[in-house]
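A quick write-up on the structure given underneath.
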Amino acid sequence: MIKQNQLIFKQFLTDVEEWCLDILTNNQSNLNEHRNSWLQEARGILRRVQNVGQSEYIYETEILDIKKCVEEVADGMRMISVRRVNSGRVPIGQHTLPPLPYPYNALEPYISRDIMELHHLKHHKSYVDGLNKAEMKMLEARETGDYDLIKHWEREAAFHGSGHYLHTMFWDNMSPNGGGQPSGRLLQQIILDFGSYEKFKKHFSEAADKVEGVGWALLVWSPRAQRLEILQTEKQQLFTQWDTIPLLGLDVWEHAYYLQYKNNRKDYIDKWWNLVNWKDVEKRYQEASRLKWKPY
461 MIKQNQLIFK
471 QFLTDVEEWC
481 LDILTNNQSN
491 LNEHRNSWLQ
501 EARGILRRVQ
511 NVGQSEYIYE
521 TEILDIKKCV
531 EEVADGMRMI
541 SVRRVNSGRV
551 PIGQHTLPPL
561 PYPYNALEPY
571 ISRDIMELHH
581 LKHHKSYVDG
591 LNKAEMKMLE
601 ARETGDYDLI
611 KHWEREAAFH
621 GSGHYLHTMF
631 WDNMSPNGGG
641 QPSGRLLQQI
651 ILDFGSYEKF
661 KKHFSEAADK
671 VEGVGWALLV
681 WSPRAQRLEI
691 LQTEKQQLFT
701 QWDTIPLLGL
711 DVWEHAYYLQ
721 YKNNRKDYID
731 KWWNLVNWKD
741 VEKRYQEASR
751 LKWKPY
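Using the numbering used here, you'd call the opening residue of the sequence shown number 461 and step up by one each time.
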């Protein structure tokens, strides 16, 4: 039992080390006093993790304290992201990969560390890079007046931009402490629009399972209809409904689950409900539902 715990602790330290390196690597632009402060904290955690990892025996109290420090840094970096959004626009071609609000192994056993690491560092990063490139190419077209390739770059912006924005929501839509049911106004709205939470969950799960090829299932707010709706989107931008605001998204591209669930998408969907961060969804709903168009 002691040996098993030591192996678990060592894996945790490895995951935290990778998380710290990711934070430090992907947050070197747009530095300010607050961001620098949290990056210093991340460097401190990294040094501590590396030192503890060299010990012959790792104490549980040490692990719990490191976990608390990681949560504090994650919360701090998340608040910086919120302030950045509130302070103004993202300059053209300067989108950045958001840090995960938890270590890569935090969603186990439902989503493995390997999947999360690959999904975030490779797939999401590629969407950020693709969006930035498309935006710069369209800027170049405006400056030169050469629009010969505008169709291509508009498509690239749609695909990569949708991928970046949906994944940014997706990470926050999940939590190691997720699961259960929503509450308050969101639950009331779900019951009003779908009949019951159980009917909503069944509809959402079936929509996700039956996405043709690769894509997403989405719970959205419709300002025009002034109600919640469940939509599919193929890839990230096709065959869906415009003038809606995503609140909850489930990625059913194979890279989101295949390493762990193989071709059993349904099992992945069923397990994913244990991770849903209803606090985040409720917050998005409260903000989105303020927007109401004239109904038709």
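Beta carbons: idealized from backbone N, C-alpha and C, even for Gly.
Whole-angstrom C-beta distance between residue j and residue i, which should lie under 8 Å
i, j, result
"Trp-713", "Val-680", "With 8 Å as the limit, Trp-713 and Val-680 do not qualify as a contact, their Cβ atoms being about 19 Å apart."
"Glu-747", "Pro-642", "Not really, about 15 Å apart at Cβ, beyond 8 Å."
"Ile-650", "Phe-660", "5 Å"
"Gly-553", "Asn-592", "4 Å"
"Ala-601", "Ala-617", "Not a contact, Cβ separation roughly 12 Å."
Inter-residue Cα distance where the pair is residue i and residue j
i, j, result
"Gly-639", "Val-530", "22 Å"
"Asn-724", "Lys-731", "11 Å"
"Tyr-607", "Glu-568", "47 Å"
"Asp-653", "Leu-719", "35 Å"
"Trp-631", "Pro-755", "32 Å"
"Val-671", "Leu-599", "34 Å"
"Arg-744", "Tyr-517", "44 Å"
"Ile-690", "Gly-504", "44 Å"
"Ser-497", "Glu-532", "12 Å"
"Trp-733", "Leu-578", "21 Å"
"Leu-646", "Gly-655", "13 Å"
"Met-629", "Ser-635", "12 Å"
Proximity of residue i and residue j at Cβ, strictly below 8 Å
i, j, result
"His-715", "His-620", "no"
"Trp-676", "Gly-709", "yes"
"Leu-735", "Tyr-564", "no"
"Arg-573", "Asp-475", "yes"
"Asp-704", "Ser-682", "Looking at the sequence shown, residue 704 is not Asp but Thr. Contact flag set, yes."
"Leu-478", "Gln-510", "In the sequence as presented, Leu is not what sits at residue 478; that position holds Glu. It is not a contact, given that the beta carbons lie outside the stated cut-off."
"Gln-696", "Leu-626", "yes"
Residue burial classification, residue i (beta-carbon count within 10 angstroms, cutoff 16)
i, result
"His-612", "exposed"
"Leu-560", "buried"
"Ile-575", "buried"
"Asn-637", "exposed"
"Pro-551", "exposed"
"Leu-609", "exposed"
"Thr-604", "exposed"
"Ser-622", "buried"
"Thr-521", "exposed"
"Glu-666", "exposed"
"Asn-462", "The residue you asked about is not Asn; residue 462 is Ile in the sequence shown. Result: exposed."
"Asn-465", "exposed"
"Leu-524", "exposed"
"Thr-693", "buried"
Any C-beta of chain B under 8 Å from that of residue i
i, result
"Tyr-564", "Checking the listed chains, one finds no chain B in this structure; it contains a single protein chain."
**Message:** As an exercise, report each continuous beta strand (DSSP E) stretch of at least 3 residues that is fully enclosed by the region 611 to 689, in chain order.
**Reply:** Within the region 611 to 689, the complete beta strand (DSSP E) runs of at least 3 residues fall at 675 to 682.
**Prompt:** Whole alpha helix (DSSP H) runs in the region 693 to 755 with 4 or more residues, listed along the chain?
**Reply:** 718 to 721, 725 to 732 and 738 to 748
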